[in-house]
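S.K.: Per full-length UniProt numbering, residue 1 is the first one in the sequence shown, and the count goes up by one each step.
This is the structure I want to talk about, given as structure tokens.
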Amino acid sequence: MNMTEVLKEVGRGKRGARDLGFEEAVAAAKMIFDQSATPAQIGAFFLAERIKMESVDELYAFVNACRSHAIRFPRPDSLDCAGPYDGRKSSFMASFAAAFVLASAGLPVTLHGTESLPPKWGITLPDVLREMGIDEGVRGREQTIRAAQQTGVLFVPAESWCPPLGRLRQIRVELGLRTILNTVEKLADYSHSPYLVYGVFHNTMFDRTAQLLQRLDYRKALIVQGAEGSEDVYVDRPTRTYLVENGNAKLHLIDPETYGLESSLPDITWTAAKQLHVTETVLTGEAHMAFINQTILNAGLRLHLAGLFDSVEEGVYTSKSLLEGKSPWQLFCRWREALSDAQVNSL
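In structure tokens, the structure reads:
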């Protein structure tokens with residue numbers, strides 16, 4: 001099946017288009033990731049899929065293709081935090097601060113992302129790292145892995161570890177729209193993690209994502225309809241989540257009031273510098289209490305997800321205690337130093 005034949009099937013409009021079978025989707029994914037299809041064909045496929053909406057078979061085929069092109073560094077019992085690659089415009093990146101709380105509790109964490117992408121064009125983790133003085137040096141895999149081995153926190157620049165994502169960037173930029181890659185790239189699973197927390201934006205993605213994750217063999221996965229489609233649960237209102245475990249998906253409502261953490265968020269104009277400042281002040285205990293509470297809630301929830309504690313309450317209590325003891329801040333400083341050393345050594 002060539003790309004012209006694929007487009008004839010998926011490009012007939014919302015009523016006439018049909019979903020590709022799994023083997024057909026595998027062929028389409030191969031042509032796109034290998035770029036044996038032309039840029040015009042790839043762009044047409046992305047638009048047709050957006051109109052039709054991707055099936056679970058199609059998503060599964062593209063995730064497998066993405067993983068087959070990715071460099072993957074196994075980290076047993078780790079947690080993968082799959083946030084939006086198109087970044088943030090109006091919310092705090094609680095996952096970044098929470099990663100150091102989790103690592104302090106003994107849970108390895110993998111974060112990943114790229115420079116900003118459409119449709120949101122928000123602030124991303126690479127923007128925050130640049131504010132820390134860490135830029136190209138973070139792309140050195142050996143040094144990045146060494147920093148993770150020293151601290152428990154791994155950051156993966158996805159377009160470096162999965163080169164086809166970098167080669168497809170220009171097409172995505174020119175389209176300016178969400179594509180199938182917005183879902184797929186977050187599931188490259190760079191650490192072979194058994195635990196996943198995955199952000200979605202729309203209610204319509206819950207069931208489809210749950211079906212997909214059941215086929216990807218995670219031990220436990222939490223789908224979160226979080227701030228700006230992120231994996232971060234809210235601290236000022238309840239958050240809809242789906243827990244995927246043992247082939248089943250169950251709806252759970254995470255209410256911060258249940259844990260005594262509900263807080264009103266201050267009005268902030270977010271920049272990369274502000275994201276970094278709030279992260280650092282959360283870890284030193286000097287931030288607005290809403291951001292401290294949001295970090296505690298997200299960390300506690302994930303410690304329970306990964307089986308380190310029998311309840312979210314225990315995870316919340318431990319996260320609060322760790323923050324008060326400053327061990328996550330010390331770990332953050334070690335991580336920053338390790339990546340800064342990596343940058344110096346790469347020059």
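Ideal Cβ positions, reconstructed from N, Cα and C, are used throughout, including at glycine.
So is TRP121 buried or exposed if we call it buried at 16+ other beta carbons inside 10 Å?
M.R.: As a working mapping, residue 121 is identified with position 121 in the sequence shown. Exposed, because fewer than 16 other Cβ atoms sit within 10 Å of the Cβ of TRP121.
S.K.: For the alpha helix (DSSP H) that TYR242 lies in, which residues bound it at each end?
M.R.: One-based indexing of the sequence shown puts residue 242 at position 242. Where TYR242 is concerned, there is no enclosing alpha helix (DSSP H), although the beta strand (DSSP E) it sits in stretches over 239-245.
S.K.: Does the Cβ-Cβ distance between PRO194 and TYR218 come in under 8 Å?
M.R.: For the purposes of this step, residue 194 is identified with residue 194 of the sequence shown, where counting begins at 1. For the purposes of this step, residue 218 is identified with residue 218 of the sequence shown, where counting begins at 1. The answer is yes: Cβ separation under 8 Å.
S.K.: At 4 residues or longer, and completely inside the region 61-103: list those alpha helix (DSSP H) runs for me, N to C.
M.R.: Those alpha helix (DSSP H) runs which fall completely within the region 61-103 and span 4+ residues do not exist here.
S.K.: On the criterion of 16 or more Cβ atoms from any shown chain inside 10 Å, does GLU49 qualify as buried, or is it exposed?
M.R.: Counting from 1 along the sequence shown, the entry for residue 49 is found at position 49. By the 10 Å Cβ count, GLU49 comes out buried.
S.K.: Assess contact between the region 43-62 and the region 173-185, defined as three or more Cβ pairs (one per stretch) separated by less than 8 Å. Is contact present?
M.R.: Yes, the region 43-62 is in contact with the region 173-185.
S.K.: First and last residue of the alpha helix (DSSP H) that includes residue 348?
M.R.: Missing from the structure shown is residue 348; the chain here goes from 1 to 347 and no further.
S.K.: Between which two residues does the alpha helix (DSSP H) holding HIS192 run?
M.R.: Along the sequence shown, read from residue 1 onward, the residue named residue 192 stands at position 192. Where HIS192 is concerned, there is no enclosing alpha helix (DSSP H), given that its DSSP letter is neither H nor E.
S.K.: Relative to the C-alpha of ILE145, which residue among VAL109, ASP127 and ARG169 is closest?
M.R.: Taking the first residue of the sequence shown as position 1, residue 145 is located at position 145. When each option's Cα is compared against that of ILE145, the closest is VAL109.
S.K.: So the candidates are ALA272, ARG167 and GLU262; which of them puts its Cα closest to the Cα of MET93?
M.R.: The count along the sequence shown starts at 1 and reaches residue 93 at position 93. Per the Cα distances, ALA272.
S.K.: Over what stretch of residues does the alpha helix (DSSP H) that includes ILE145 continue unbroken?
M.R.: Taking the sequence shown and counting its residues from 1, the one referred to as residue 145 is at position 145. Start and end: 141-151.
S.K.: Along the beta strand (DSSP E) that carries VAL312, what are the first and last residues, could you check?
M.R.: By 1-based counting over the sequence shown, the position of residue 312 is 312. No beta strand (DSSP E) contains VAL312, which is instead part of the alpha helix (DSSP H) from 312-325.
S.K.: Out of LEU261, ALA61 and LEU212, state which residue places its alpha-carbon closest to the alpha-carbon of ASP236.
M.R.: Translated into positions along the sequence shown, residue 236 becomes position 236. If we check each option's Cα against that of ASP236, LEU261 comes out closest.
S.K.: When you compare the CB positions of LEU265 and ILE296, do they come within less than 8 Å of one another, or not?
M.R.: As a first step, residue 265 is located in the sequence shown; it is residue number 265 there, counting from the start. As a first step, residue 296 is located in the sequence shown; it is residue number 296 there, counting from the start. Going by C-beta atoms, LEU265 is not nearer than 8 Å to ILE296.
S.K.: At the level of alpha carbons, what is the spacing between LEU129 and ILE42?
M.R.: In the sequence shown, the residue the question calls residue 129 occupies position 129. In the sequence shown, the residue the question calls residue 42 occupies position 42. Answer to the nearest angstrom: the Cα atoms are 31 Å apart.
S.K.: In the structure shown, what three-state DSSP assignment does THR110 receive?
M.R.: Residue 110 sits at position 110 when you count from the first residue of the sequence shown. Three-state result, THR110: strand.
S.K.: Give the secondary structure of LEU20 by DSSP, where H, G and I count as helix, E and B as strand, and everything else as coil.
M.R.: Position 20 of the sequence shown, counted from the start, is the residue given in the question as residue 20. In this structure, LEU20 counts as coil in the three-state DSSP scheme.
S.K.: To the nearest angstrom, report how far apart VAL26 and PHE62 are at their CA atoms.
M.R.: In the sequence shown, counting from the first residue as 1, residue 26 sits at position 26. In the sequence shown, counting from the first residue as 1, residue 62 sits at position 62. Going by the C-alpha atoms only, they are around 7 Å apart.
S.K.: Under three-state DSSP, which class holds VAL235?
M.R.: The sequence position of residue 235 within the sequence shown is 235, counting from 1. Correct three-state label for VAL235: coil.
S.K.: Does the distance from the CB of GLU58 to the CB of ASP34 come in under 8 Å?
M.R.: Start at 1 with the first residue of the sequence shown, and residue 58 comes out as number 58. Start at 1 with the first residue of the sequence shown, and residue 34 comes out as number 34. Contact: no.
S.K.: Where do the ends of the alpha helix (DSSP H) carrying ILE292 lie?
M.R.: As a working mapping, residue 292 is identified with position 292 in the sequence shown. Per DSSP, ILE292 belongs to the alpha helix (DSSP H) from 289-305.
S.K.: By the DSSP assignment, the alpha helix (DSSP H) with ILE180 in it spans what residues?
M.R.: Locating residue 180 in the sequence shown gives position 180, counting from the first residue. Here the alpha helix (DSSP H) through ILE180 covers 180-184.
S.K.: Could you tell me the distance, in whole angstroms, from the CA atom of ALA105 to the CA atom of THR183?
M.R.: The residue you call residue 105 lines up with position 105 of the sequence shown. The residue you call residue 183 lines up with position 183 of the sequence shown. Distance between the alpha carbons of ALA105 and THR183: 29 Å.
S.K.: Do the region 202-219 and the region 235-249 meet, that is, are 3 or more Cβ pairs less than 8 Å apart?
M.R.: Yes, the region 202-219 touches the region 235-249.
S.K.: Would you mind giving the Cβ-Cβ distance between TRP270 and LYS14, rounded to the nearest angstrom? I have them listed as a contact below 8 Å.
M.R.: What you label residue 270 is simply residue 270 of the sequence shown in a count that begins at 1. What you label residue 14 is simply residue 14 of the sequence shown in a count that begins at 1. About 36 Å separates the two Cβ atoms, so there is no contact after all.
S.K.: Below 8 Å on the Cβ atoms is my guess for LYS186 versus LEU305; work out the distance and round it to an integer in Å.
M.R.: Taking the first residue of the sequence shown as 1, we reach residue 186 at position 186. Taking the first residue of the sequence shown as 1, we reach residue 305 at position 305. Contact doesn't hold; Cβ gap of about 17 Å is too wide.
S.K.: Looking at the secondary structure, which residues open and close the alpha helix (DSSP H) in which LEU212 lies?
M.R.: Counting from 1 along the sequence shown, the entry for residue 212 is found at position 212. Unbroken alpha helix (DSSP H) run through LEU212: 204-215.
S.K.: Using the Cβ count rule (16 or more neighbours within 10 Å means buried), how would you classify PRO328?
M.R.: Taking the first residue of the sequence shown as position 1, residue 328 is located at position 328. Counting Cβ neighbours within 10 Å, PRO328 comes out buried, since at least 16 surround it.
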